[in-house]
Amino acid sequence: MNIRSVLLMIFMAAGSATTLAEYPFHVDEDQIVVTRGDRILGTLPCERIALDGNGRWTRLHAVAYLRGHIARTSDGNLYAHGGGAYGEYWVVKSCRDVFFVSENDGRTWSKGWNVDLPQERMIGTFTVLRDDSFLAMATEPADDVASFYRSTDRGQTWKLVSEFHAAPFNNVYVDGNLLQLQDGSIVVPTHFQVKAPEGSDWGLGLSLQFVLRSTDGGKMWQGGPDDKIWKPIIESKLTVLPVGPDSALPGGTFPGCYETGVAQEPSGRLIAALRFSGPQRPWHKTIMKEWGGRQADGVGRIFRQVMFSTSQDGGKTWATMRPFFDADGEPVIVQQETNGQLIPLGDGRIALVHQRRFGPYQIIARFSVDNGKTWLHEEYRLSKGFGFTSSVLLDDGTIVTATGQSISNDDNNRVSIIRWKPPSKEELLANVEQ
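Count along the sequence shown from 1, then add 1453; that gives the number in the working numbering.
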C-alpha cells in the first residue's frame, strides 16, 4: 500500500471535520509529506533525531513549549540548544537549558549537558560568532532587562557580558534570533512593552519591536527605543496606533510585529519573517482578504501570521512588510501560521519554516524560487506539534533543523533534529506543474 493510500485511509477514519491539508505530518519517521491544498504530492526523505533533555523539559501546563536552536563552529561541529520559551505568558520554570554537540553533520548527538546561567535567566536565542565564541540572549518573564552571555568553551560555562534595560518601557524580552552580519555587527529583534492600564482593553498598551545592534561582539548595544521619543509618550499614558500597513517605527520594524526571524543573503540583503499580530486596528478589515486574514479570533485579532520584509542597510530600516504572495498576488500564509525562519539557499531559492496553529499543530516549510518575490503553495510537513525552529545549511545543501516540539495531551516537551535536503529549483517548479 502506498503512502497516499495510507493517508487517505487515515483521513476518512478521522471524519469529515479533518481535511488532508490539515492532517498528516508524516507517516514514517524518515519521510516528509509534501502537500498542496488537499492533495498529497509525494514525500521527501529525512532523518529525525530526538534529543534527550535530561528531565528538564517536563510540561507543566498545556501551552508550554520549547525553543530549538542550532549553530555551527568553524571546525564544522554543530551545537544545538533546547530550553524554555520567552515572554511573560509562556515561560515554564522547568524548561531549562540543555546543549548538545554533533561532530558528523547532525546525524548523531552527544548526551546533553545542563546549562544554568549565572543569574536566573532562560536562553531565548544563541549563535556562534566568527571567533567560535557563543553569544546568548536571555530574559525572565515580566523582566525589565535583557542579559547577554558569552561562552568561550563551547557552551560549557557562561559569563555575563552586557545588559540592555527596558526603560523607558517596562518590560523587554527576546523577540527573534541573534545574527552576526557580514560586516561583523550583530543584530537581534527585541520586544519592548508597557502593559495597558489595569481594567482597560489590552490594545491600549504599548507593545513594540526594535532591532538591537552591537558592533563590539555584544558588549554594547544600540538601536533600542529613543528616550526622547518614547519617554513622553509613556509618561503621558499614550499608545501608538499604526494608521496603515506601511507604518514604521523610529529604530524599529513595524507596529504589531513580533517574533521575527532574520537572515542575510550573500548579496548582503537582510530578509525577515515577521509575525504580524496584536490588537485589531480599523484598517485591518480593509486588507483582511488581500493579506490572508480571517474573522477575528477570541481576543479580536484578524491577523496572526508571518509577513515578509527586507532591509538593505543591515536592519536599520525595512521595506514595507507584505504577505508571502504567490505569482498571482494571493497570500500563501493565513491567520495562525506564525513564527517564521528564512533560509537563503542560493540560486534564488529561499526556504521559509513556520508554525501552523490550527488543525493539528505542525511545523511546515515553503519555498520561493525568485529571491522572495513570490512563494509556492506546496507545503513540506516537517514535524507535528509546535515550537520555535532554527536551521543551518550544510555545504552539500542539506538543512539541519532544530525544533521544539509540544504536542497536546503529551506529558513531555521535546526537541528534535531534522536532517533534510530541499528540492532543487527545477524540482520545485516541477511540483507546480503537477
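No residue lacks a Cβ here, since even glycine has one placed at the ideal position from N, Cα and C.
Since this is a predicted model, take the numbers as computed values, not measurements.
Within the DSSP secondary-structure output, GLN1675 pairs in a beta bridge with ARG1666. By the C-beta density criterion, ARG1666 is buried, having at least 16 other C-beta atoms within 10 angstroms.
Annotation: GLY1577 to THR1592 spans about 7 Å, alpha carbon to alpha carbon.
SER1843 is bridged by DSSP to ALA1855. Here the alpha carbon of GLN1765 sits roughly 28 Å from the alpha carbon of SER1600. In the DSSP annotation of this structure, the continuous segment of the alpha helix (DSSP H) that includes TRP1683 starts and ends at 1680-1688.
Our two residues, ASP1781 and GLY1629, have alpha carbons roughly 30 Å apart in a direct line.
Judged by their CB atoms, ASP1597 and ASN1624 are nearer to each other than the 8 Å cut-off. LEU1631 carries a coil assignment under DSSP once its states are collapsed to helix, strand and coil. Nearest to SER1555 by C-alpha distance, out of GLU1879, ILE1870, ARG1775 and PRO1875, is ILE1870. Boundaries of the beta strand (DSSP E) harbouring PHE1587: 1587-1592, taken from the DSSP string. When secondary structure is reduced to three states using DSSP, THR1739 falls in the helix class. Its chain contains SER1762 and THR1763 as the residues whose beta carbon lies nearer than 6 Å to that of ALA1772, once the 5 sequence neighbours on both sides are disregarded; these appear in chain order. Inclusion of VAL1581 and PHE1622 in the CB contact set at 8 Å is not warranted, their separation being larger than that value.
Annotation: GLU1651 to GLY1658 spans about 10 Å, alpha carbon to alpha carbon. Take ALA1589, set aside five residues on each side of it, and the residues of its chain with a beta-carbon closer than 6 Å to its own are ILE1576, PHE1579 and TYR1602, in chain order. Residue pairing by DSSP leaves ILE1786 without any beta bridge partner. Straight through space, the alpha carbons of SER1689 and ASN1824 are spaced by roughly 44 Å. Pairing GLY1529 with GLY1751, the inter-Cα distance amounts to about 46 Å.
When the beta-carbon positions are compared, GLY1793 and VAL1785 stay at least 8 Å from each other.
When the Cα atoms are used, PHE1587 and ARG1607 turn out to be separated by approximately 6 Å.
One thing to note: GLN1815 has its Cβ within 8 Å of the Cβ of ARG1834.
Residue pairing by DSSP puts ASP1550 in a beta bridge opposite VAL1568. In this structure, DSSP gives GLY1799 an extended state, which the three-state scheme calls strand.
Beta-bridge analysis with DSSP links ARG1603 to LEU1588 and LYS1612. Here the C-alpha atom of LEU1570 lies approximately 28 Å from the C-alpha atom of GLY1838. Distance between LYS1672 and SER1638, taken at the CA atoms: about 11 Å. DSSP, reduced to helix, strand and coil, places ASN1824 outside both helices and strands of the structure shown, so it counts as coil. SER1720 is bridged by DSSP to nothing; it lacks a bridge partner. Straight through space, the alpha carbons of GLU1880 and VAL1696 are spaced by roughly 42 Å. Apart from sequence neighbours up to five positions away, no residue of its chain approaches ARG1583 with a beta-carbon distance below 6 Å. Annotated three-state conformation of LYS1837 is strand, per DSSP. Sixteen is the threshold: when 16 or more other Cβ atoms of the shown chains lie within 10 Å of the Cβ of THR1842, as they do, the residue is buried. Residue pairing by DSSP places PHE1645 opposite VAL1625 and LEU1661 in a beta bridge. When secondary structure is reduced to three states using DSSP, GLY1768 falls in the coil class, being assigned neither helix nor strand.
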